[in-house]
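Count along the sequence shown from 1, add 892, and you get the number used in this note's numbering.
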Amino acid sequence: MNIAEKYLKEQLSSEEFKHSLLEEKVKLDIEYRLEELKKDIQTHKSSDELIKKVDSIEQFVMSV
Numbered sequence: 893m894n895i896a897e898k899y900l901k902e903q904l905s906s907e908e909f910k911h912s913l914l915e916e917k918v919k920l921d922i923e924y925r926l927e928e929l930k931k932d933i934q935t936h937k938s939s940d941e942l943i944k945k946v947d948s949i950e951q952f953v954m955s956v
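Okay, here's the thing in C-alpha cells:
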C-alpha cells in the first residue's frame, strides 16, 4: 500500500470526509447530466428525448 492509499483509507474512516466525498460525487454527477442535457438541447433532440433526460435527472436528485 502506498502513501496515498494509506492516507485515503485513514480519511475514509472519518464520517465528515465520507459525507463530503459523497456530496462532491453527487454534484459532479448532476453537473455531467446537465451538460449532457445542454448538448441535447443544442443539437435539437426531440422533446420526448429531452423530457426523458429531465425526468432522469429529477429521479436522480430525488434519490439522493
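C-beta atoms are modelled at their ideal positions from N, C-alpha and C, and glycine is treated no differently. Note that the structure is a prediction, hence the values are computed from the model and not measured.
What is the C-beta distance between Val946 and Leu929, in whole angstroms, given that I count them as a contact (C-beta under 8 Å)? In this structure Val946 is in contact with Leu929, their Cβ atoms being roughly 7 Å apart against a cut-off of 8 Å.
Starting from Met954, trace the alpha helix (DSSP H) both ways and give me its first and last residue. From DSSP, the alpha helix (DSSP H) with Met954 extends over 939-955.
First through last residue of the alpha helix (DSSP H) which encompasses His911: According to the DSSP assignment, His911 belongs to the alpha helix (DSSP H) that extends over 907-934.
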